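Chains as they are written, first to last, in this note's numbering: chain A, 253 to 468; chain B, 253 to 468. Let me begin by presenting the structure, written as structure tokens, before commenting on it.
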DNA sequence: CGCGTCCTTGACCCGCGGGTCAATGCGATG
DNA sequence: CATCGCATTGACCCGCGGGTCAAGGACGCG
């Protein structure tokens, strides 16, 4: 495949099918351990077709990651009440992220791979950084109005973002069978407690009603 | 190499040399991207020699990980004052771990790889779990005496252990140039705040003097 | 029906890199 | 100095798996 060819409806579908199969396999056994043959077999097509839709295995991976990071950010942004106080926004975003990860476990497992294969680390890190910046901006407001502990805002943001990924991984790998909602609530409490400047701020934020589920 | 052969002093040394070179390379470019040839070249020996000391590449990796997890646990345990209250022990262990990771950055980067290659995940996870259990036991005591928030102890322990690894990674990959001591202090504060049941407990624990450096 | 574009096939190529092996060195030990 | 077992060498083997390609549908359009 050279640059962006025009794809028919059928073509779009087939490409998506390959993306889906690849995502599942990557999530199951990782990038390096997934063969192109495995992907096309899973999709029930010939090997050559893979290269009609993708430059190579790496390109497919990048596309997959990009797509999903986008989705997550949107989902998270949608869950935040723009009127709420900073720490409450963080709580809402955190809960939403955990839920998102649960529904799109396959896709999400993918993002973890980026840290493993150094080949991707540098390029894909940028995506995470953008995400982290979103959070940092909110945290900054919380620090300004003294509801969030006055710490290095980048360090805090990194912690918040990673935390979600961390517990998502934990849950996904089945080491703690528990309902998603429960886990989401736990992570939210954990994050809020680690950020709140005072006990009463934490209590106030945690007392707010559960974030309503947002339509995808 | 079949099982454990008797090695001369020279043999021990050579083997260690290979382990060191491999650790550096793995840390730099990851497991899958490091060739056996690269390792032996770095050590300045012939390829065949690699297989005199190790069953294969995977076996070397496992040995490396095992070795370092052991070291970390010892280091961490040594940093904890057995008389101190639970949360203070956690703080001491956390600070020590961050310091440890800074000194043995190469070795430590290795532990992250385990999450990437699914091949290792299952087996090596057990090691992490043991580590997590250590922490869980301490947390349990803190929950009993109400100095630590009454949450699922396993979830908390996982968070604490991962947190350290997380920020270690962050620091190691050079995204936040700052003195190790400063980072260690930050992570300790983060963890203490997320665990403490009450503001005054957190303050008390954080007011305690810096853990003295323990001789290796 | 002829032509062009999109789609699909599967046999084939080929280099990379893990792993082997027969030969040799070398430092103890009797 | 003979012998033995640890240590070391580097050429070689070989399969795996990424990537190619020539050929052949299928569908739409004038």
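Where a beta carbon is used, it is the ideal one built from N, C-alpha and C, also for glycine. Remember, predicted model here, so these are calculated numbers, not experimental data.
Practice problem: Examine the Cβ distances between the region 338 to 351 of chain A and the region 322 to 330 of chain A and report whether three or more of them are shorter than 8 Å. | Solution: yes
Quiz item: For residue 392 (chain B), which residues from the same chain have a beta carbon less than 7 Å from its beta carbon, with the 5 sequence-adjacent residues on both sides left out?
Solution: 405
Quiz item: Since residue 273 (chain A) meets chain B, which of its residues come closer than 9 Å, beta carbon to beta carbon?
Solution: By Cβ distance, chain B contributes nothing, its closest Cβ being about 17 Å from residue 273 (chain A), past 9 Å.
Practice problem: Give the range of the alpha helix (DSSP H) segment to which residue 319 (chain A) is assigned. | Solution: 309 to 331
Quiz item: Of all the CB atoms in chain A, is at least one closer than 8 Å to the CB of residue 406 (chain B)?
Solution: yes
Exercise. With residue 346 (chain A) as the anchor, note down where its alpha helix (DSSP H) starts and where it stops.
Key: 338 to 355
Quiz item: Considering residue 260 (chain A), what are the terminal residues of the alpha helix (DSSP H) in which it resides?
Solution: Counting along the chain, residue 260 (chain A) falls outside any alpha helix (DSSP H), and DSSP gives it neither H nor E.
Quiz item: What are the start and end residues of the alpha helix (DSSP H) that includes residue 440 (chain B)?
Solution: 432 to 447
Quiz item: If we cut at 8 Å on Cβ distances, does residue 411 (chain B) have a partner in chain A?
Solution: yes
Quiz item: Name the chain A residues whose beta carbon is nearer than 8 Å to that of residue 349 (chain B)?
Solution: Ordered by position in chain A, no residue passes the 8 Å Cβ test against residue 349 (chain B), which lies about 15 Å from the chain.
Self-check item: Delimiting residues of the alpha helix (DSSP H) encompassing residue 292 (chain A)
Solution: 288 to 295
Quiz item: Could one say the Cβ of residue 403 (chain A) lies closer than 8 Å to chain B's Cβ atoms, at least one of them?
Solution: yes
Exercise. Take residue 408 (chain A) as the anchor and find which of A:421, A:444, A:433, A:274 has the nearest alpha-carbon.
Key: A:444
Exercise. State yes or no: is the beta carbon of residue 383 (chain A) nearer than 8 Å to at least one beta carbon in chain B?
Key: no
Quiz item: Is there a Cβ from chain B that is less than 8 Å from the Cβ of residue 422 (chain A)?
Solution: yes
Quiz item: Is the CB of residue 459 (chain B) under 8 Å away from at least one CB in chain A?
Solution: no
Exercise. Report the option in A:266, A:390, A:399, A:262 whose CA atom is closest to the CA atom of residue 334 (chain A).
Key: A:390
Quiz item: How about the region 450 to 461 of chain A and the region 283 to 296 of chain B: do they share at least three Cβ pairs that are nearer than 8 Å?
Solution: no
Practice problem: Could you say if the region 444 to 455 of chain A and the region 267 to 286 of chain B meet the contact criterion of at least three C-beta pairs nearer than 8 Å? | Solution: no
Practice problem: Could you pull out every residue in the same chain whose Cβ sits closer than 6 Å to the Cβ of residue 332 (chain A), ignoring the five residues on either side in sequence? | Solution: 341, 344, 345
Quiz item: Nearest chain A C-beta to residue 284 (chain B) closer than 8 Å, yes or no?
Solution: yes
Practice problem: Quickly, what does DSSP pair residue 390 (chain B) with across the bridge? List them, please. | Solution: None; residue 390 (chain B) has no bridge partner.
Quiz prompt | Test: residue 451 (chain B) CB closer than 8 Å to a CB of chain A | solution = yes
Quiz item: First and last residue of the alpha helix (DSSP H) that includes residue 421 (chain B)?
Solution: 405 to 424
Practice problem: Compute the minimum distance between the beta carbon of residue 345 (chain B) and the heavy atoms of the ligand MG, and state whether it is under 7 Å. | Solution: Ligands are entirely absent from the displayed structure, and the ligand MG is therefore not among its contents.
Quiz item: Span of the alpha helix (DSSP H) holding residue 300 (chain B)?
Solution: 299 to 305
Quiz item: Residue range of the alpha helix (DSSP H) that residue 451 (chain A) falls in?
Solution: 451 to 459
Practice problem: Could you name the residues of the same chain whose beta carbon sits closer than 7 Å to that of residue 414 (chain B), not counting the 5 residues immediately before and after it, in chain order? | Solution: none
Quiz prompt | CB of residue 302 (chain B) within 8 Å of CB of residue 317 (chain B), strictly | solution = no
Quiz item: Counting only beta-carbon atoms, is residue 446 (chain B) nearer than 8 Å to chain A?
Solution: yes
Quiz item: Are the C-beta of residue 355 (chain B) and some C-beta of chain A separated by less than 8 Å?
Solution: no
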